[in-house]
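Scroll down for the structure; my scribbles are underneath it.
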Amino acid sequence: MCGIVGYIGARQAQSVLIDSLKRLEYRGYDSAGIAVVPPGQKKMQVHKKKGMIKNLEDNLPALNGTLGISHTRWATHGPPSDSNAHPHVDCKGNIAIVHNGIIENYLELKESLINEGHVFTSETDTEVLAHLIEKYYTNDLYKAMKLALEQVQGSYAILALHMHERDRLVSARNESPLVLGLGIDENFIASDVPAVLKYTDKVVYLDNGEIADVTKSSIKITDFNGKTIERPWHKIEWSLEDAEKGGYEHFMLKEIFEQPRAVREAMLGKLSGFTLDNVNGIEFNSAKILGCGTSYHAGLVGKYILESIMGLPTSIETSSEYRYNSTTLDQPLVILISQSGETADTLAAAREARRRGCKTIGITNVVGSTLTREVDDVMFIRVGPEISVCATKSFTGQIISLYLLASHLSRTRGFLKADEIREFSNALRQQSRLVEQVLNNPEPIKECANKLAKAENVFFIGRNINYPSALEGALKLKEISYIHAEGYQAGELKHGPLALLMPQTPIVAIAVKDHTYDKMISNIEEVTARDSPVIAIGHESDTELEKYVDTVLRIPDVPPLFTPVPVAVVLQLLAYYTARNRGCPIDKPRNLAKSVTVE
Ligand code: M6R
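Just remember that the working numbering sits 13 ahead of the position in the sequence shown, which is counted from 1.
So this is what it looks like as C-alpha cells:
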C-alpha cells in the first residue's frame, strides 16, 4: 500500500502535495517524493528521499509550479532508497508517474524495454510504467496511458504528467483505490479522501478499469476502451480524523475490513510460482518456524499446513526461547515470521539460526526491515502498513504466505502433482471471498460480544489446525479488552483448566467439521456439563452444532485446511466488539507497543 496525490490548479502545488501526502502516511512511510512542473522551464523538478515525508519536506527547495504529483511509499519491489522512491521518470525526464500497487509482469516488460534502449534507474516494478508510457507517447498522455496499460498485468492506481502538457493529469485504476477531489478551477487526485478533504468535500471515486483525464477545470472518465463514463460526485460528511480511518471508528476495525483486499494482495503474483533463490538448492527433511505473539500463532498454523500438504515434520518455537535452547538436532530450514521485521527476539533468533548453519526464510510485511537483511530469502506479505497495535491483517497475510510457501516447496520438490497444485491454488483464491462473507454478517458476532464484555475470564478451545486459532482468539481478546483469556487445545481442558469453569466463564469453541469434530463435541459437552456458556465457531451447513452450544457463529463451508483465515476474522471481530463495549483504547492498548525492539 502506498499513498499518491496529484494537484492541478492555481495554487503552488508543492504545499498542497506535501500537506495532502501527510494525510496518507498511514498507507506507507518508508520513502517519499514529489514532481512539480515549473512554468516556462524545460526541466521537471523531481525530489525523492528515503524516510518519512518530513524528511523529504525538510530537504526540499521551494518548487515553483501549479501542476504536480507526490507519493509516500511502502516498498514492495526494491528496498526503501532515494532511487526507488517515486515519482519515476522516463528516459527524457518528460514524464513522471507515481503508482500504488504491484505490476506483476514487470520483469518481462522491463527486459523488453531495456532491449529497446530504455534506461532504468531503480529496482522497482513501477518504473516500467514511465518507460511504457514514453514508448507509446505521441503528444497525447491519455492515449499513451491507455496503450501502456494494455501491456500491464497487476494492481495499480497511477498518476502521470507530461512536461509538454501542462494542463493535464492522467490517472488510472485497477484494484487500487483512487479518488478525484473537485475544486473550483482546481482538481485533486489521491489514494484516499483524507488527502483532499482540507480543500474540497466533493469527490468522485474511480472504479477498476477506468482512466481519468483531468485538467484544472474538467474531469473526463473513460473505460480502457475510451468509452465515456458519467459518474456523479459525492459529498463527504466525515471529519478529517474519521476520514483517516476510512470512516471506521478505529484503525483495528479498518484493518479487519481491509482483509479481503489484503489477502488478495498477499497472493498477487505468487500463485503461479515464485523463487527463493538461496534455499532452493538445500536438502531438508524437516523445518522449524519461529516468531512472537501473533506471528508465532501464524507459524503454528504454518506447521499444520506444511505437515498436512507435504508431510514435512515441522517444529515451532517462540523466537525468545529458541536461542537459549541447547538443541543439538537443528533443522536445516528455519522460517522466521515477523510483521514488523524489527522484533528483537526474532532478529536474535534469525542470527542464531544462521550461526547454527541453518538456511533461513523471513516472512515479513516491511520491505527494508532488519529481518530482510538477517535471512537468506524473504517473502513479503504485502498487506500494507498495520497501524493498530493489535495485529489482524498481518496475521491472515502471514497464513496466506505460509500456504504459498507450502505450495512452492511442494512444487519444487515434487510433493504435489500439477493437478493437486492447481486445486490447492483454486482453494487459496477463495480465501478473500470467505473473508468477505464473514465481514458481511457481523451482527451475530456483535451480540456475542455484548455477552463476553461482562466476563472476567474466557477460554478459547480448538484442535489441530484451529488450536492456533484458539491461541490467537485469546490473545486478541486479552490484548484489547483486558479480559483474562486463555487458548487451549480442547483435549487438554480436562487435565486441569476444567477446575476453573463456572456458569460465568464463557468458552469460545472452534468446532469446524474436520477429523476432530466428534472429539470436539465431547469437549464441548464436558464444558456445558459445568454450566459454562459456549459460543461455537462452525461451518455454515453444520446443523448439529447448535444442539450442543448456546450460540453458533458461522464461517462459509470450506475444507478444514482452509478454515484458519475465516475463523481468524470472526475472532478478531469478537475481540474488537467486546473491547468496544468495554470502552477500551483499542488501537493503543496499555503497556504495549506495535514493534517490540528489546529482548
Ligand atoms: O512485528 P512482529 O510480528 O514480530 O510482532 C510480534 C508480536 O509483538 C505481535 O504479533 C503482537 O503479539 C501483536 N500485538 C498481537 O496482536
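The C-beta atom is built at its ideal place from N, Cα and C for all residues, glycine as well.
Simplified DSSP assignment, three categories, for residue i
i	result
residue 263	coil
residue 209	coil
residue 177	coil
residue 218	strand
residue 29	helix
residue 62	strand
residue 256	helix
residue 548	strand
residue 370	coil
residue 284	coil
residue 170	strand
residue 120	helix
residue 325	coil
residue 603	coil
residue 73	coil
Heavy atom of ligand 1 within 8 Å of residue i beta-carbon
i	result
residue 385	no
residue 350	yes
residue 305	yes
residue 402	yes
residue 80	no
residue 587	no
residue 605	yes
residue 137	no
residue 489	yes
residue 591	no
residue 576	no
residue 359	yes
residue 353	yes
residue 257	no
residue 241	no
residue 609	yes
residue 356	yes
residue 492	yes
residue 328	no
residue 308	yes
residue 333	no
Proximity of residue i and residue j at Cβ, strictly below 9 Å
i	j	result
residue 182	residue 197	no
residue 177	residue 137	no
residue 248	residue 259	no
residue 406	residue 271	yes
residue 296	residue 349	no
residue 204	residue 16	yes
residue 451	residue 586	yes
residue 476	residue 527	yes
residue 50	residue 102	no
residue 417	residue 280	yes
residue 265	residue 224	no
residue 81	residue 52	no
residue 553	residue 569	yes
residue 316	residue 345	no
residue 246	residue 195	yes
Residues of its chain near residue i, where Cβ-Cβ distance is below 6 Å and the 5 sequence neighbours each way are ignored
i	result
residue 548	461, 521, 564
residue 289	390
residue 63	44, 93, 94, 95
residue 377	351, 354, 384
residue 412	311, 314, 577, 578
Continuous alpha helix (DSSP H) stretch holding residue i: start and end
i	result
residue 532	530-541
residue 392	Segment 390-393 is the beta strand (DSSP E) holding residue 392; no alpha helix (DSSP H) there.
residue 290	Residue 290 -> no alpha helix (DSSP H), and no H or E assigned at all.
residue 276	272-280
residue 446	444-452
residue 595	Neither: residue 595 is in no alpha helix (DSSP H) and is coded neither H nor E.
residue 425	406-425
residue 141	140-149
Same chain only: Cβ atoms within 8 Å of residue i, ignoring 5 sequence neighbours per side
i	result
residue 199	20, 21, 22, 23, 24, 212, 229
residue 305	331, 332, 333, 351, 356, 358, 359, 609
residue 426	323
Residue span of the beta strand (DSSP E) that contains residue i, given as start and end
i	result
residue 43	No beta strand (DSSP E) contains residue 43, which DSSP labels as neither H nor E.
residue 84	80-86
residue 502	497-502
residue 351	346-351
residue 193	192-195
residue 493	Element bounds for residue 493: not the beta strand (DSSP E) but the alpha helix (DSSP H), 480-494.
residue 303	300-304
residue 567	564-568
Cβ of residue i within 9 Å of any chain B Cβ
i	result
residue 359	Among the protein chains of the structure shown there is no chain B, as only one such chain exists.
Same chain, Cβ closer than 7 Å to residue i, five either side skipped, listed in chain order
i	result
residue 187	168, 169, 221, 222
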